[in-house]
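Asker: Sharing a structure here in structure tokens format.
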Amino acid sequence: GTHVDAPRHFDAPLPTIDEIPLEDFYYTHPLVLRVPKKKGECVTLEDLQNVEARLRSCDLLFLYTGYCELREGHPDVFVDHFPYIAPEAAEYLRENFPALKAVALDSISVDAQDAGERGFPTHHAFLEKSDARPQRTLLLFEDVNIHPLLAVEKIDAVCAFPIRWKGLEGAPVSMVAFVQ
3 GTHVDAPRHF DAPLPTIDEI PLEDFYYTHP LVLRVPKKKG ECVTLEDLQN
53 VEARLRSCDL LFLYTGYCEL REGHPDVFVD HFPYIAPEAA EYLRENFPAL
103 KAVALDSISV DAQDAGERGF PTHHAFLEKS DARPQRTLLL FEDVNIHPLL
153 AVEKIDAVCA FPIRWKGLEG APVSMVAFVQ
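In structure tokens:
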């Protein structure tokens, strides 16, 4: 189900869910970006560079690939070679958009299905803090049903408060959008 990954998910010294300030789960400039992708395709750096101006003030980026449409009717397809975010696209978001606090994707992981064999590069691009990646980390919301937001004229705010169990690297979350 819909969940959030905290920076601790892939970097032990970083904050757990309960250590992240509540205001980091409240968004006043969300953006829904349609990036249609098929099975196993990725959201690329070019997909994001083409809409750079729209990303500037965004604090929560919803990436709608269309894959959430399969969740209910075809769960076996939904969990198999789902769309993901390219590591260089994740780095681009993290490095170039200081207002951005979180990214939400409509598939079950920001990493490709076989990413475990490669060390989960997209998760690290978003969540790791090191000498090579000194920028602030971004929260990751995965398995988000973004479809209802497509018909909305304007999203005023989004609350995405997780269950804040002490010491967890991720948690289930309920997202609520205030819309016009």
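According to this note's numbering, the stretch in the sequence shown is residues 3 to 182, in order. From the three backbone atoms N, C-alpha and C, an ideal C-beta is built for every residue, glycine too. Remember, it's a predicted structure, so these values are computed and weren't measured experimentally.
(1) Please state whether the Cβ-Cβ distance between D158 and A104 is less than 9 Å.
(2) If you reduce the DSSP assignment to three classes, tell me which class D7 lands in.
(3) Report the option in N98, E93, E130 and H76 whose CA atom is closest to the CA atom of A55.
(4) Since V154 and M177 should fall inside the 8 Å C-beta cutoff, what is the C-beta to C-beta distance between them, to a whole number of angstroms?
(5) Three or more beta-carbon pairs under 8 Å between the region 67 to 75 and the region 133 to 143, yes or no?
(6) In whole angstroms, give me the CA-to-CA distance for F1 and I19.
(7) In the DSSP assignment, find the alpha helix (DSSP H) that holds A153 and state where it starts and stops.
(8) On the three-state DSSP scale, how would you describe F27?
Answerer: Reading it off the structure:
(1) Here residue 158 is taken as the residue at index 156 of the sequence shown, counted from 1. Here residue 104 is taken as the residue at index 102 of the sequence shown, counted from 1. Not closer than 9 Å, so no.
(2) In the sequence shown, counting from the first residue as 1, residue 7 sits at position 5. Strand at D7.
(3) The residue you call residue 55 lines up with position 53 of the sequence shown. If we check each option's Cα against that of A55, N98 comes out closest.
(4) For the purposes of this step, residue 154 is taken as the residue at position 152 of the sequence shown. For the purposes of this step, residue 177 is taken as the residue at position 175 of the sequence shown. That pair is no contact at about 13 Å.
(5) no
(6) Residue 1 lies beyond the range of the chain shown here (3 to 182); nothing can be said about it.
(7) On the sequence shown, residue 153 is found 151 positions in, with the first residue counted as 1. That residue, A153, is in no alpha helix (DSSP H); it is neither H nor E in DSSP.
(8) Numbered from its first residue, the sequence shown carries residue 27 at position 25. In this structure, F27 counts as helix in the three-state DSSP scheme.
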